[in-house]
Amino acid sequence: MASHDPIIQRQQLAEQRRKVDFDTYDVTVDELIRRVERARIEIAPIYQRQFRWDAVRQSRLIESFLLGIPVPPLFMATNQTPGQQTQWEVVDGLQRLLTLVNFAGDADARNAAKLVDPPLLLTGLEKLPALCNMPFAELPADIRTALEDRPVKVVVLNDKSDMQVRFDLFERLNTGGLKLTDQEVRECVFRGPFMDLLSELAAHANFRTVVHLPKNNWKDGTPEDYVLRFFAFMERYQSFEHSVKTFLNDFAQAKAKNPNITDMREIFVKSFNYLAAVFPTGIKSRKGMTPVNLFEAVSVGAALAIQENPDLAFPDTVSWLHSSDLRHLTTGATNSRLRVKGRIEFCRDRFLGVQQDV
-4 MASHDPIIQR QQLAEQRRKV DFDTYDVTVD ELIRRVERAR IEIAPIYQRQ FRWDAVRQSR
56 LIESFLLGIP VPPLFMATNQ TPGQQTQWEV VDGLQRLLTL VNFAGDADAR NAAKLVDPPL
116 LLTGLEKLPA LCNMPFAELP ADIRTALEDR PVKVVVLNDK SDMQVRFDLF ERLNTGGLKL
176 TDQEVRECVF RGPFMDLLSE LAAHANFRTV VHLPKNNWKD GTPEDYVLRF FAFMERYQSF
236 EHSVKTFLND FAQAKAKNPN ITDMREIFVK SFNYLAAVFP TGIKSRKGMT PVNLFEAVSV
296 GAALAIQENP DLAFPDTVSW LHSSDLRHLT TGATNSRLRV KGRIEFCRDR FLGVQQDV
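Note that the working numbering has the sequence shown beginning at -4, numbered continuously upward.
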């Protein structure tokens, strides 16, 4: 229940504000483009797929810059890897940044931003119609210089900020053409070997045999989310509280700092080799898809059983997959510690050939 005590309210505000640390810069258009070219600004692949502005909208942004009309700031987050240069990663403002590269960037900058269409020709300008159908290279030199020298405000969440704050920032400020899923946000915030491993294993043949998803979900981070859940619940299901998002974020943050890639890959491959043999047509509900709660229960249950008995035999029957007992644990109000623990251990015990009361 929310507290209306002003002292507690002020304490909460002070505590949360201490987790956020921003720097603000005025960066010229030319310098922004050069930073993209030199990989000083990182555009995550998930964002590159979202460049959606048409030529008219891009042109009107360029017109605003030329006219000196205020443009919203770009939001970035600092990514710092030991031994490598500090990078800014785009959080909000991708369309504006890529428009600048698409119009005024040279071939190297365009390649760095992975832009494949021809450079922008200005079109649909309301105030500067004389510039229509012109590329950047054909503008008068003074107009080109005016655009390149135009300052852009850039707000950067620096590396002192709490990682959960970074996740919240990506969620709150991402205003691109398509809303990112939680896993797509994690790919940006917690990028590194562990996120790479999730992508690798989400493409594993036996994982694809076991898991059935709607076609669109294969492209929105859902497979990687399932793999993340497999690892997170396998290692920490007994400490699960209630918020799945926080639980997965905390686990992803921990593994971003200290992944044990070889061991994780090994248990995943063993588990899904086993599951593909036991469920050759997949883990499916009666609707033909793989509900996430059922996936968590069966996949983690199998992994725990394999860890307990490395020579685990195939069960005589898997009729329990559609039993009322398991359905009770995987439907309704499912995100309580009791339900999570119950469904995972139910499946573990069935693989081990042990019967427990639900």
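We put the CB at the ideal spot given by N, CA and C, even for glycine.
Item	Value
Count the other C-beta atoms from every protein chain shown that fall within 10 angstroms of the C-beta of Gln53, then say buried if there are 16 or more, exposed otherwise.	buried
Please list the terminal residues of the continuous alpha helix (DSSP H) segment that includes Lys148.	Element bounds for Lys148: not the alpha helix (DSSP H) but the beta strand (DSSP E), 146 to 152.
Could you check whether the segment 104 to 111 touches the segment 29 to 36, counting it as contact only if at least three pairs of C-beta atoms, one from each stretch, sit closer than 8 Å?	yes
Confirm, please, whether the CB-CB distance from Glu58 to Lys122 is below 8 Å.	yes
What distance in whole Å lies between the Cβ atoms of Leu223 and Ala247, which are believed to be in contact at a cut-off of 8 Å?	6 Å
Starting from the C-beta of Ile339, find all residues in its chain whose C-beta is less than 8 Å away, skip the five residues before and the five after it, and write them out in chain order.	Phe228, Tyr232, Glu291, Ala292, Val295, Gly296, Leu299
Anyone know if the C-beta pair for Arg260 and Leu347 falls short of 8 Å?	no
Is the separation between the beta-carbon of Val96 and that of Val150 shorter than 8 Å?	no
Quick one: using the 10 Å Cβ neighbour count with 16 as the cut-off for buried, is Glu133 buried or exposed?	exposed
On a Cα-Cα basis, can you pick out the residue from Leu62, Asn74, Leu89, Phe60 that is closest to Arg47?	Leu89
Answer yes or no: do Phe309 and Val273 have a C-beta to C-beta separation smaller than 8 Å?	yes
Between which two residues does the alpha helix (DSSP H) harbouring Asp258 extend?	256 to 273
Who are the near neighbours of Val353 in its chain, counting only those whose CB is closer than 6 Å to its CB and skipping five residues on each side?	Because Val353 carries a pLDDT of 49, less than 50, the predicted location of this residue cannot be relied on, and the following value inherits that uncertainty. Excluding residues within five positions, the ones whose Cβ falls inside 6 Å are Asp320.
Just to confirm before moving on: does the CB-CB distance between Phe341 and Leu324 stay below 8 Å?	yes
Suppose the cutoff is 8 Å on Cβ atoms and the five residues either side in sequence are ignored; what does the same chain contact list for Lys279 look like?	His207, Thr285
Where do the N-terminal and C-terminal ends of the alpha helix (DSSP H) with Ala177 fall, by residue?	What sits at residue 177 in the sequence shown is Asp, not Ala. Its alpha helix (DSSP H) spans residues 177 to 184.
What's the gap between the Cα of Gln82 and the Cα of Arg334?	42 Å
When the distance is taken between beta carbons, is Leu164 closer than 8 Å to Val86?	yes
Can the beta-carbon of Pro146 be found closer than 8 Å to that of Thr23?	yes
Kindly list the residues whose CB is nearer than 8 Å to the CB of Arg55, restricted to its own chain and excluding five residues on each side of it in sequence; keep chain order.	Gly119, Leu120, Glu121
Which residue or residues does DSSP assign as beta-bridge partners of Met71?	Val85, Val151
Between Asp18 and Asp101, what straight-line distance do the alpha-carbon atoms span, to the nearest angstrom?	28 Å
Please tell me whether Pro124 and Phe189 are closer than 8 Å, where the distance is taken between their beta carbons.	no
Go through its chain and collect everything with a Cβ distance to Ser194's Cβ below 7 Å, but skip five positions before and after it.	Glu219
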